[in-house]
Amino acid sequence: MGRLFGTDGARGVANSELTAELAMNIGRAAAMVLISDEVEHPTILIGRDTRLSGDMLEGALIAGLCSVGANVELLGVVPTPAVAYLVKKYNADAGIMISASHNPFEFNGIKIFSSEGCKLPDDLENRIEEIVLDHIVPYSLASDKNLGKVTRMDSACDDYINYIVECINCDLEGMEIAIDCSNGSSSRTAEKLFTKLGAKVHMLYDKPDGININKDCGSTHIGKLQSYVRDNKLCCGLAFDGDADRCLAVDENGNLVDGDYLIAICAKDMKDRGVLKKNAVVGTIMTNMGFNKFCEENGMKFVSTKVGDRYVLEAMLQDGYNIGGEQSGHIILLDYETTGDGQLSGATVLSIMKRTGDKLSSLAKVMERMPQVLINVKVSAEGKLAFYNDKEIKSEIKRVTDILGDRGRILVRVSGTEPLVRVMLEGENLEEIQSLAEEAAQVVRERLA
9 MGRLFGTDGA
19 RGVANSELTA
29 ELAMNIGRAA
39 AMVLISDEVE
49 HPTILIGRDT
59 RLSGDMLEGA
69 LIAGLCSVGA
79 NVELLGVVPT
89 PAVAYLVKKY
99 NADAGIMISA
109 SHNPFEFNGI
119 KIFSSEGCKL
129 PDDLENRIEE
139 IVLDHIVPYS
149 LASDKNLGKV
159 TRMDSACDDY
169 INYIVECINC
179 DLEGMEIAID
189 CSNGSSSRTA
199 EKLFTKLGAK
209 VHMLYDKPDG
219 ININKDCGST
229 HIGKLQSYVR
239 DNKLCCGLAF
249 DGDADRCLAV
259 DENGNLVDGD
269 YLIAICAKDM
279 KDRGVLKKNA
289 VVGTIMTNMG
299 FNKFCEENGM
309 KFVSTKVGDR
319 YVLEAMLQDG
329 YNIGGEQSGH
339 IILLDYETTG
349 DGQLSGATVL
359 SIMKRTGDKL
369 SSLAKVMERM
379 PQVLINVKVS
389 AEGKLAFYND
399 KEIKSEIKRV
409 TDILGDRGRI
419 LVRVSGTEPL
429 VRVMLEGENL
439 EEIQSLAEEA
449 AQVVRERLA
C-alpha cells in the first residue's frame, strides 16, 4: 500500500483526512500522469455515490482537473462499475469514482480508472503520490484560454442499465426478489434494471439522505435482508454495498450466500457451457479453503492473489482468465466488465437460477465451506505501520500455525481500506478456531490499538 492509495483508491474521513485541497491535487496529478502530451484537452468522467461529502469532493476534483486543462463530464450518482464501463463507451481518457465503498458515510474515497476501464496499477498510483506528496514536479497549470470545461451526462445510468440487460440476455419473469441497495449508488439503478429484466422486486434501503449509506444495511449488514426474504417467502435477495461493486445473496431460506459461493456457482455454470477460459478461477488469500476443494472436484485450477479486486483483475488479464473475485462480493466477469459489479453478478446468478430451474440453496451446494472466523481489530494509524515489524504478533501467528498444522490456517493482514487489522482463521473445528482467533486478536489489540 502507498501513502495515499490503499487496495481500493485513496480513502479517509472526508474534510479531515481526505480534504478538498487533497482531492483537487489528486485530480491535477492524475491528469498529468494519465494523459499524454498529444491530447490538448483530455476528457475525465466523474461519478459518485450518495455520501454527503460527494458534492464537496466532486467540486474539488473539477477544480483540479480543469486547472490543468482537462475537460470533465459529470455522471452524477452511479455505481462504480458504471464509471469503468462508461469510460470506454464515451471514449474518455480516464474516469474517477468518488466513493468509500462499504465504509460509513463520514468516509469517502477517490478511485481512478484508466481509459481501458481498469483501476490503476501500483506504479501509476505511486507516480500520482509523488506529485501530490513529494512535489517532484510542479502542477502543469493551464493558461486562461486552455482551462477545462464541465458538462453533464444525463444518460449515464440508463446507458449502464441497458448494457447490463444486454449482458444478461435472460427474462427473469416469475422471479420475486428483494434488493438491498445500502442507501447507495444502486438506489439509482437497481429497481429499473431488475424490473427491466422481468423480475418482481421488493426494494429495501433505497432512499439515501447523504448520511445513511451502509448504515445497518447492505452487503456488510445483511441480517435484515435475510429476515425479509424468509418472512416474505421470496426466491432470494441481493445486497449491494455503497457503490454497488459488491454483491452478496440470500437464498430462499434466508441463508447467506457469500462471494465464494457466488463465484463457484458462476464458474460451474461457465464450465458446463464451455466458456470458462483455461478452466481456471482467480481468488485471493482470503478465499475459503472449501473453494479450493470445489475447484479440485470440478477440474478447475484455482489461482490466488493478494487481497483486492485490482490484483484479481491483474492476474486475469495477465493469464487470460475470465472469472475471479473475493469472498466479500467483488466478482469480475471479464467477458463483460473490467471491475467488480454487484448488479451484473447478482443478475448473472438469477439468470442461472432461471435457466436451470434450481433454487439458490440448491445451487450453493456446489461448494462446502470450511469453518472460518474473521475478527476485525481496530488499530491506530501508527499501529497499521507497526504491524509489519511486530515480533510478538509474528510469534503469535507462528504459535497458532503450529497448533493447527495441516488442519487449518491463520491469516493476519492490515486492511487496505479501513483502520483495521483482520485476523482470519480456518479449520476443521469451529470451537477451536474461534478460541485461537480471539487469542490472536487480543495480541494484535494489545500491541497496535
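If you count by the working numbering, then the sequence shown holds residues 9 to 457, one letter each, in order. C-beta: ideal position from N, C-alpha, C; glycine also.
Query: Tell me whether the segment 364 to 383 and the segment 432 to 444 touch, counting them as touching only if at least three CB pairs, one residue from each stretch, are closer than 8 Å.; Result: yes
Query: Starting from D410, trace the alpha helix (DSSP H) both ways and give me its first and last residue.; Result: K399 to L412
Query: Between the Cα of S148 and those of D130, D131 and S75, spot the shortest distance and give me the residue it belongs to.; Result: S75
Query: Keeping to the same chain, check which residues put their C-beta closer than 6 Å to that of F202; ignore five residues upstream and five downstream.; Result: V209
Query: Taking the beta strand (DSSP E) that G332 belongs to, which residues open and close that run?; Result: I331 to G333
Query: Which residues bound the beta strand (DSSP E) around F115?; Result: F115 to F121
Query: Is the beta carbon of K276 less than 8 Å from the beta carbon of T292?; Result: no
Query: Please specify which runs of the alpha helix (DSSP H), each continuous and at least 4 residues long, are wholly inside the segment 319 to 405, giving them in chain order.; Result: 350 to 364, 368 to 371 and 389 to 394
Query: I need the DSSP call for D214, collapsed to helix, strand or coil.; Result: coil
Query: In this structure, what does DSSP give as the bridge partners for D188?; Result: L212 and A247
Query: Would you say L65 and R160 are within 8 Å of each other, going by their C-beta atoms?; Result: no
Query: Going by other Cβ atoms of all chains shown within 10 Å of its Cβ, with 16 needed for buried, is K153 buried or exposed?; Result: exposed
Query: Note down the Cα distance separating I120 from I411, rounded to an integer number of angstroms.; Result: 43 Å
Query: Buried or exposed, going by whether 16 or more other CB atoms sit within 10 Å of the CB of H338?; Result: buried
Query: Identify which residue in G192, E48, K97 and D398 has its Cα closest to the Cα of S151.; Result: E48
Query: Taking only three categories from DSSP, how would you classify N287?; Result: helix
Query: Could you say if the segment 260 to 273 and the segment 320 to 337 meet the contact criterion of at least three C-beta pairs nearer than 8 Å?; Result: yes
Query: Where does M9 fall in DSSP's three states?; Result: Since pLDDT at M9 reaches only 47, below the 50 mark, its modelled position is unreliable, and no value is offered.
Query: If you draw a straight line from the C-alpha of V420 to the C-alpha of V173, how long is it?; Result: 40 Å
Query: Please list, in chain order, all residues of the same chain as K215 whose beta carbon is under 8 Å from its beta carbon, the five residues on each side excluded.; Result: N191 and S195
Query: Give a yes or no on whether the C-beta atoms belonging to L321 and T295 are separated by under 8 Å.; Result: no
Query: DSSP three-state label for T295, please.; Result: coil
Query: Is the segment 297 to 311 touching the segment 246 to 255 in the sense that three or more CB pairs, one from each, lie closer than 8 Å?; Result: no
Query: Could you compute how far the alpha carbon of G125 sits from the alpha carbon of M211?; Result: 29 Å
Query: Do S312 and G250 have their C-beta atoms within less than 8 Å of each other?; Result: no
Query: From D217 to R59, what does the alpha carbon distance come to, in whole angstroms?; Result: 8 Å
Query: Identify the continuous alpha helix (DSSP H) that holds E7 and give its terminal residues.; Result: Here the chain comprises residues numbered 9 to 457, so residue 7 is not present and cannot be evaluated.
Query: Using a Cβ-Cβ cutoff of less than 6 Å, which residues in the same chain neighbour L438 once the five nearest sequence positions on both sides are dropped?; Result: P379
Query: Which residues mark the beginning and the end of the beta strand (DSSP E) in which S312 is found?; Result: K309 to T313
Query: Mapping DSSP to helix, strand and coil, what is E124?; Result: coil
Query: Between G20 and L26, is the Cβ-Cβ spacing less than 8 Å?; Result: yes
Query: Restricting to Cα atoms, I'd like to know which of A90, L94, A38 and E181 is closest to L132.; Result: A38
Query: Quick one: what's got a C-beta closer than 8 Å to D327's C-beta in the same chain, skipping five residues either side?; Result: K286, A288 and V311
Query: Here's the rule: buried if 16 or more other CB atoms are within 10 angstroms of the residue's CB, otherwise exposed. What is N463?; Result: Any question about residue 463 goes unanswered here, given that the chain covers just 9 to 457.
Query: Within a Cβ cutoff of 8 Å, which residues of the same chain sit near L141, ignoring the five residues on either side of it in sequence?; Result: R11 and L12
Query: With a CB to CB cut of under 7 Å and the five nearest residues on each side skipped, what residues in its chain are close to V451?; Result: E400, I401 and E404
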